[in-house]
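There are 2 protein chains.
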Amino acid sequence: MFGGMRQTAVVFTDRFFQTADAKTAHGLVRGPCRFDVIALLDRDAAGRDAGELLDGKHRGIPAFADLDAMLAALPKKPDCFVLGVATSGGVLPPSMRPTILAAIAAGMHVVNGLHEFLADDAEIAAAAARAGVRLIDVRRPRPRRELHFWTGAIRQVNAPRIAVLGTDCALGKRTTCHVLAAACARAGLKAAIVHTGQTGWLQGIPHGFVLDSTPNDFVSGELEHAIVQCDKDLAPDVIFLEGQSALRNPSGPCGAELVLSGEARGVILQHAPARHCFEDQEHLGNVIPPVTEEIALLGYYRTRVLGMTLNHANLPAERREPAREELQRATGLTAVYPLLEGADALVPAIRAYLQEQRR
Amino acid sequence: MFGGMRQTAVVFTDRFFQTADAKTAHGLVRGPCRFDVIALLDRDAAGRDAGELLDGKHRGIPAFADLDAMLAALPKKPDCFVLGVATSGGVLPPSMRPTILAAIAAGMHVVNGLHEFLADDAEIAAAAARAGVRLIDVRRPRPRRELHFWTGAIRQVNAPRIAVLGTDCALGKRTTCHVLAAACARAGLKAAIVHTGQTGWLQGIPHGFVLDSTPNDFVSGELEHAIVQCDKDLAPDVIFLEGQSALRNPSGPCGAELVLSGEARGVILQHAPARHCFEDQEHLGNVIPPVTEEIALLGYYRTRVLGMTLNHANLPAERREPAREELQRATGLTAVYPLLEGADALVPAIRAYLQEQRR
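One line per chain: the protein sequences are A and B, in this order.
Start counting at 1 in the first sequence, then tack on 11, and there's your number in the working numbering.
Start counting at 1 in the second sequence, then tack on 11, and there's your number in the working numbering.
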């Protein structure tokens, strides 16, 4: 997008960094990232290190309370100002507006992953034009003429696909893709990722598309096209497909495309033992069905769960092992906590799947 | 769109009328229609009646070979020129272009249900501006600000929903919605339909949206919003939700939204006994799974199949009864051929479902 040079960026979360709404920022801090993240802008995090706040690991990303404090402290202003929130509805919180306008006036390009496009906002667009900076709306779909329909070209792809699906959304499926790829790399397997969200693009994953802003009829074809390109460009041993939402999430079911249109005959299933209702919306009472049922359901889609990855959020340390053992006993599959221990324990099952698929 | 008056229309299919690509035209000829269809423009159908060609029923819709012949024969030029094809990929066949430009020059508004928008076509847009006619791109989604997210408001809807799903696409699900609504009306039940395709809009169904051109993240919310509005405006006894594609169609799975986000706890399942592979694409070898399996799969989505509607395409007359009996025996459900015999036989199961849902 800006040519070969890696640009520096500040991630802006207003005061959302320590909430689930900042999952985009969390992914960028955790890395990988298309940009070199040199600062966080969040009033509630000021004075701390973004990495330390996220998971206790210092990453040399200082947090500042406001733009002036940041510009005064940094040796050089960041090239880009990245909105690090994924609000419900994808709408720009009005409280973030003045800071965005100030960043534009200070000469930073603005990168936006929300559904609301900055380039369509008259005031922001005019400010950007005056300042000579770019507005990059990551979620804006390609022009219709450039979108792909599903053709069955998936049949010509060499690398077997594994869909990383979840029993709910916002569980860490994207991060698990990175952890799985790293585990594969340690085992001598070349893994690639096809991203399906705006954060994957921000992280610099070279193949993928933004599923949720793609017109529905083109989702399967854009996915197929991204997989075909990934296979051609990288010739990987395995391709992990980043899942979105969950097969039975009432606020927007997703996942069938990955296994059917992407012909992923294997699945890694991400699950949060401590979560009860979809998207934690207890008032709606839509209880997340049991993992064993999800595995049976996936069988109807001609795919097989190879292993489980567990999200330990809200799970007290002493309950982690019992939760893992219970799930392993019920399913006969290996379960790992990817953020705590990586995913090396899943490599044997992945390797067996690849051998079976190549036969 | 044009105020209260019902406008006249010619449906243009070039030479596709007698192919599955003209399913939009078939729906408009069969009715209901937002327009008063007074002619068909199709070189291969010229001299015949569109209704007779479709299903043997004369409907007083003469077919013409070209625009000049039509304008010479009709007492008054139609108000609207409706593109009646749904080509694979939604692209405008180049062969149709000169006739569209001629229709514009002759002063007709052009109504287009393809993915390719006429208003974005420089030559066609300029011609329309010169002629002072409108270009209506039915599939153009609403501006992002006007799109709805799913909120759970479906919980406040009074009328139980029944999703009309299919084991494949292009099976007649939309037409079955009309047949079911008519059967309900005869039995004293007030039925409404929520459409999910551009043809439903062309038919004048007051509630619905075009699912396949909606950005994926808004599909569930637009569906929920349409159902909520339908329930408010019409207070029906039951709402039929028009299904798209099939749960396991690899070229674009669909249907889970209707049962999960629309909370349709009942399903009418449309099936074509003579069809073997999805979308008749035998070369891909994606065999349509058995109906009994589809019914089991739907159980995982917390919905129940109430009855079956069968498409008799390519099914010789003598195989119809055996096919029905086999499906009824295997499923324990009633199956009807809606185009041949209506759907009155399904009303008892629908009535039982409504009683159960209101409890």
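Virtual Cβ for every residue (Gly too), placed ideally from N, Cα, C.
Computed from a predicted structure; not experimentally measured.
Report all residues from its chain with a CB closer than 7 Å to the CB of L351/B; omit the five preceding and five following residues, and keep chain order. H323
Among A275/B, L158/B, V93/B, P105/B, the one whose alpha carbon lies nearest that of V221/B: Of the candidates A275/B, L158/B, V93/B, P105/B, the one whose C-alpha sits nearest the C-alpha of V221/B is L158/B.
So that I know if they touch, is there some Cβ in chain A lying closer than 7 Å to that of L176/B? Contacts with chain A at 7 Å (Cβ-Cβ) do not include L176/B.
How many whole angstroms separate the CB atoms of G124/A and Q209/A, which I take to be in contact at a CB cut-off of 8 Å? 4 Å
Under 6 Å Cβ to Cβ from L182/A, same chain only, skipping five residues before and after it: list those, please. Q281, A283, N322
Using 7 Å as the limit for Cβ to Cβ distance, is P261/B near chain A? yes
Using a 10 Å radius around the Cβ and a threshold of 16 neighbouring Cβ atoms, would you call D79/A buried or exposed? exposed
Own chain, CB closer than 7 Å to L298/A, minus 5 neighbours either side, in chain order: Checking the sequence, you will find Val at residue 298/A rather than Leu. Beyond the five residues adjoining it in sequence on each side, V298/A comes within less than 7 Å, by CB distance, of H287, C288 in the same chain, given in chain order.
Would you say A275/B faces chain A, with C-beta separation under 7 Å as the test? no
Given this structure, state the Cα-to-Cα distance separating P327/A from A192/A, to the nearest angstrom. Spanning the two alpha carbons is a distance of roughly 27 Å.
Nearest residue (CA-CA) to A97/B, options H126/B, A341/B, L317/B: H126/B
Proximal chain A residues relative to T225/B, where beta-carbon distance stays under 8 Å: By Cβ distance, chain A contributes P226, N227.
Own chain, CB closer than 6 Å to D355/B, minus 5 neighbours either side, in chain order: Contacts found: A194.
Under 8 Å Cβ to Cβ from P247/A, same chain only, skipping five residues before and after it: list those, please. A170, K201, A202, A203, C241
Excluding sequence positions up to five away, which residues of its chain have a Cβ less than 6 Å from the Cβ of T178/A? A257, H282, I299, E305
Using a cut-off of 8 Å between C-beta atoms, extract the partners of W161/B located in chain A. Within chain A, the residues near W161/B are P261, S262, G263.
In the region 305-320 of chain A, which residues sit with their C-beta less than 7 Å from some C-beta in chain B, listed in chain order? L308, Y311, Y312
6 Å CB neighbourhood of R151/A in its chain, flanking five on each side removed: F128
Tell me, to the nearest whole angstrom, how far the beta carbon of R331/B is from that of Y348/B; I am working on the premise that it is less than 8 Å. 7 Å
For a contact meaning CB atoms closer than 8 Å, what does S231/A contact in chain B? P261, S262, G263, P264
Local Cβ density within 10 Å of N227/B, reported as buried at 16 or more and exposed below that: buried
What first and last residue would you give for the alpha helix (DSSP H) that runs through E7/B? The structure shown has nothing for residue 7/B, since chain B only spans 12 to 370.
Do we get a CB-CB distance below 7 Å when we pair G100/A with the residues of chain B? Residue-level contact by beta carbon holds for G100/A and chain B, with a gap shorter than 7 Å.
Using a beta-carbon distance below 7 Å, is L350/A in contact with chain B? no
Would you verify that the beta carbon of L271/A is, or is not, closer than 7 Å to some beta carbon of chain B? yes
Please report whether the beta-carbon of L51/A lies at a distance below 7 Å from any beta-carbon of chain B. No, L51/A does not count as interfacial toward chain B.
Taking only runs that begin and end inside the region 68-105 of chain A, name each unbroken beta strand (DSSP E) of 3 or more residues, in chain order. 91-94
Neighbour list for L295/B in chain A, Cβ cutoff strictly below 9 Å: Counting only Cβ-Cβ distances below 9 Å, L295/B has contacts in chain A at G163, R166, in chain order.
Closest by CA to F229/A, which one among R276/A, H218/A, R155/A? R155/A
V149/B to E235/A span [Cα, whole Å]: 27 Å
Where does H323/A fall in DSSP's three states? coil
Within the region 257-309 of chain A, ranges of the beta strand (DSSP E) (whole runs, at least 3 residues): Runs of the beta strand (DSSP E) inside the region 257-309 of chain A: 277-282.
Shorter than 7 Å from the beta carbon of L222/A to some beta carbon of chain B? yes
In chain A, what lies closer than 8 Å to L258/B by C-beta? Under the 8 Å cutoff, chain A gives A267.
Classify T30/B as buried or exposed, calling it buried when 16 or more other Cβ atoms lie within 10 Å of its own Cβ. exposed
Rounded straight-line distance, which links the Cα of P301/A to that of G199/A: Taking the CA atoms as reference points, G199/A sits about 34 Å from P301/A.
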